[in-house]
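Presented below is the structure to which this report refers.
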Amino acid sequence: MSNFYPDENGRFGSFGGKFVPETLMYAIDELELSLEDALADDSFINEYKHTLMEYAGRPTPLTYASRLSEQLGGAKIYLKREDLLHTGAHKLNNAVGQALLAQRMGKKKIVAETGAGQHGVATATVCARLGLECKVFMGEEDMRRQELNVFRMELLGAEVIPATSGSRTLKDATNEAIRYWVANVEDTFYLIGSVVGPHPYPRMVRDFQRIIGDETKEQLREIESSLPDVITACVGGGSNAIGMFYPFLEDDVKLFGAEAAGKGLSTEKHAATITKGTKGVIHGSLTYLIQDEHGQIIEPYSISAGLDYPGIGPEHAHLAESGRVSYEGVTDAEALEALTLLSKAEGILPAIESAHALHLAFEKAKQMTSDEILVVCLSGRGDKDVNSIKAAMEKESHE
Amino acid sequence: MSKNRVLEAASSATYPLFIPFIMAGDPNEEATIELALSLEDAGAHILELGIPYSDPLADGPVLQESAKRALLGGMNLKKAIDLVPVMRQRGLTIPVIIFTYYNPVLQMEEETFLHATKEAGADGILIPDLPYEESRNISAAAKERGLANISLVAPTSATRVETIAKEAEGFLYCVSSVGVTGTRDTFSPEVYSFVNQVKQHSHVPVAVGFGISRREHVESLKDVSDGVIVGSAIMKQVQAHVDDLANSSTRQNALDQIKGFVSSLISS
């Protein structure tokens, strides 16, 4: 089996591609060439790795969850601690890589989209560090829900621009960021936050996130002298998951992606793109998405603002179709339960996004034996979610 | 292979070509049909019939709002294509181009879409998020049915212009400046040399679109290009008269006003 995607047309199997207005094609081709050139240049790779080490705190630990493993009575559970990365989530790996590339290409202006604000904060952070001008589009509705992250980005010197079109959430912030890019393509770099968008974005973001999986492989080799048996990660657009999975695609390791099943897969309130979606084009890429029979995109739902995206990275679509990775839905309630369990058993408060991966991990671990190893990508910390966790728990106890 | 009416119309017309864009279903089906007829009456050579889409990446606020109104009214790709035979029945003779983002086409399936478009009496297609590299299959399939797939070139197309122009069908859509659709106050003077460069490579007429909203825009492009495409400026008029257009008793007055605007824009 070959996993050396994308092909020369930017396709992962039948997925991916470049479905963008002609105005952007030159910029996308230019980006592709610059990326190839940078990835082949040791000095660029060293600068990227050095920045992640001395500024962002890599490598992140691989923590053995001993009490949790014992409680569940199955596999040994390890947590890959992206929650300990600077700014609190895996997003910074990618933001650092792309910002360094922008700098190398001579672009001084950065535009990005953000949903809950994690990618926006990561982008604002690295732009401050490198002295780049930063504009972040954020849905007006999300700005209201994530007021503190808006303030954080502003403190870091970024300009946050409300996206007022459509449902005023991540999908629309992405539309607005792309529209802004179309108008300012000559001097602006679009720093996308996940493994989505037109080629070469899904490949580029994967290559800047694969450090998660590469480190995990090395750390586990040292601790256990073996590969994991199972890995789980949450998927919205899918950047932490692809970063974790990619180095293991050729290995004998079972891979599971946790999609947001919201209020349940049988309801309309979910963001389970692979489980419930159909093939279509969103934000420049052919993938699975949640849409109606006429091809109009439907706003998804999840308790987690980082997972409620109507599409998914095209490489995940391909890995689902080829059967290499299994994707399963995890509901709001299941994620909250997993979050509580990890907090109490190990003293780690995970992001609600990561709690989806934890639930799936717990389910799998229970069916495994004590000499088997399971790794969860703990993509972010939950401090940002404390208010919404509190609200959700209060609501639940009233119902 | 049947011959293509878009190229025929674009080649035999008195220049400059006037190519209006209207959004199907904004504010309702009847208004769209009447508007199409009015525009032909006002001198349109080719009509672009836009399909509303939930996530129109290449569009500015005016067409986004227009699409939203049309979607709220229940418009979709199939219903929009079905408007074309009604327009024909009521006397529309100019070529019609179905202007749609790619995702609705994918859901309908390309073959079904092309078949329906042809059967309805439309003459071409334009898919703004399907660049040259991704459009070769649908272009060939369209051509076999006698439908023109209209290509776009932008000021950033650079070396791509030659390749795109070489295979252009019907007419070549020249994007005036970087950015999304919508009215602009002025154009960068670079547009003239850009259009000139495009014309050197194109064997079909070259029309300029994006931001054309004033008579002086049309005047200034008249000598360098073969025509103009006007979308947002017309849909802005529709927005201004949206209640009157929705209502059959006040519709004619609104249509007359829009026609007046169009005449002031294009007649020399």
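Protein sequences, first through last, are from chains A and B. So that you can map any letter, position 216 of the first sequence is 204 in this note's numbering, and since no number is skipped, the others follow by simple counting. If you count the second sequence from 1, you need to add 1430 to reach this note's numbering. Each residue gets a CB set at the ideal place from its N, CA and C atoms; glycine is no exception.
Residue(s) in a DSSP beta bridge with residue i
i       : result
A:E316  : A:A246
B:F1451 : B:E1478
B:Y1603 : B:L1582, B:A1637
A:P302  : Looking at the DSSP assignment, A:P302 forms no beta bridge with any residue, so it has no partner.
A:G5    : In the DSSP output, where bridge partners are listed per residue, A:G5 has none listed.
A:E147  : A:K123
A:F177  : A:I98
A:A221  : A:G245
A:Y52   : A:Y66
A:R133  : DSSP output for A:R133 lists no bridge partner at all.
A:A77   : A:G368
B:V1526 : B:L1477
A:F0    : A:F3
A:I336  : According to DSSP, A:I336 bridges with nothing at all.
A:I285  : A:Q279
A:A87   : A:A87 is not bridged to any residue.
Buried versus exposed call for residue i [16 or more other C-beta atoms within 10 Å across all chains shown]
i        : result
A:S(-10) : Residue placement at A:S(-10) cannot be trusted, given a pLDDT of 46 that sits under 50; what the coordinates show is reported in the next sentence. Looking at its Cβ environment, which holds fewer than 16 other Cβ atoms inside 10 Å, A:S(-10) is exposed.
B:M1431  : Note that B:M1431 has pLDDT 45, beneath the 50 cutoff, so the model's placement of it is unreliable and the number below is only indicative. Counting Cβ neighbours within 10 Å, B:M1431 comes out exposed, since fewer than 16 surround it.
B:P1619  : exposed
B:E1646  : exposed
B:Q1494  : buried
B:Q1519  : exposed
A:Q355   : exposed
A:S54    : exposed
A:H38    : exposed
A:H107   : buried
A:R132   : exposed
A:S310   : exposed
A:E129   : buried
B:L1602  : buried
A:K6     : buried
Extent of the continuous beta strand (DSSP E) to which residue i belongs
i       : result
A:I270  : 266 to 270
A:L274  : 273 to 277
A:L362  : 361 to 366
A:V99   : 97 to 102
A:K372  : Taken as a continuous stretch (DSSP letters only), A:K372 belongs to no beta strand (DSSP E), as it is neither H nor E.
A:R69   : 64 to 69
A:K123  : 121 to 127
B:L1556 : 1554 to 1556
B:V1660 : 1657 to 1660
Endpoints, the alpha helix (DSSP H) within which residue i is located
i       : result
A:T113  : 106 to 118
A:F233  : 227 to 233
A:E419  : For residue 419 of chain A there is no data in the structure shown, the boundaries of chain A being -11 and 387.
B:N1683 : 1681 to 1696
A:T204  : 199 to 212
B:I1568 : 1562 to 1574
A:Q355  : Neither: A:Q355 is in no alpha helix (DSSP H) and is coded neither H nor E.
B:Y1375 : Since the first and last residues shown for chain B are 1431 and 1698, residue 1375 of chain B lies out of range.
A:M41   : 30 to 42
Pairwise C-alpha distance: residue j and residue i
i       : j       : result
A:N81   : A:D280  : 35 Å
A:L327  : A:G85   : 30 Å
A:K242  : A:Y189  : 26 Å
A:L324  : A:I340  : 7 Å
B:V1672 : B:N1683 : 12 Å
B:S1496 : B:F1624 : 30 Å
A:D373  : A:S155  : 22 Å
A:D29   : A:L73   : 25 Å
B:I1696 : B:S1581 : 24 Å
B:K1596 : A:N(-3) : 21 Å
B:L1544 : A:A345  : 43 Å
B:G1639 : B:V1535 : 23 Å
A:K97   : A:I33   : 22 Å
heavy atom of the ligand GDP below 7 Å from residue i C-beta
i     : result
A:L88 : You won't find the ligand GDP in this model; it holds no ligand whatsoever.
Any chain D beta carbon closer than 8 Å to residue i
i      : result
A:G283 : The chain inventory of the structure shown lacks chain D, comprising the protein chains A and B.
Checklist entry - Is it a yes or a no for the region 163 to 173 of chain A touching the region 241 to 256 of chain A, going by three-plus beta-carbon pairs under 8 Å? => result Judged by Cβ distances under 8 Å, the region 163 to 173 of chain A makes no contact with the region 241 to 256 of chain A, as fewer than three pairs qualify.
Checklist entry - On the three-pair Cβ rule with 8 Å, is the region 1626 to 1636 of chain B touching the region 1475 to 1494 of chain B? => result Judged by Cβ distances under 8 Å, the region 1626 to 1636 of chain B makes no contact with the region 1475 to 1494 of chain B, as fewer than three pairs qualify.
Checklist entry - Are at least three pairs of beta-carbons, each pair with one atom in the region 1432 to 1448 of chain B and one in the region 1548 to 1563 of chain B, less than 8 Å apart? => result Using a Cβ-Cβ distance cut-off of 8 Å, the region 1432 to 1448 of chain B and the region 1548 to 1563 of chain B are in contact, since at least three pairs of beta carbons, one from each stretch, lie closer than that value.
Checklist entry - Is the region 1499 to 1519 of chain B touching the region 1591 to 1603 of chain B, taking contact as three or more C-beta pairs under 8 Å? => result Because the criterion of three Cβ pairs below 8 Å is not met, the region 1499 to 1519 of chain B and the region 1591 to 1603 of chain B do not touch.
Checklist entry - Do the region 62 to 82 of chain A and the region 186 to 202 of chain A meet, that is, are 3 or more Cβ pairs less than 8 Å apart? => result Three or more beta-carbon pairs drawn from the region 62 to 82 of chain A and the region 186 to 202 of chain A are found closer than 8 Å, and the two stretches are therefore classed as touching.
Checklist entry - Does the region 346 to 353 of chain A come within contact of the region 362 to 376 of chain A, defined as at least 3 CB pairs closer than 8 Å? => result Enough Cβ pairs lie closer than 8 Å, so yes.
Item to check | Meets three-Cβ-pair contact criterion under 8 Å: the region 1484 to 1493 of chain B and the region 1459 to 1466 of chain B | outcome: The region 1484 to 1493 of chain B is not in contact with the region 1459 to 1466 of chain B.
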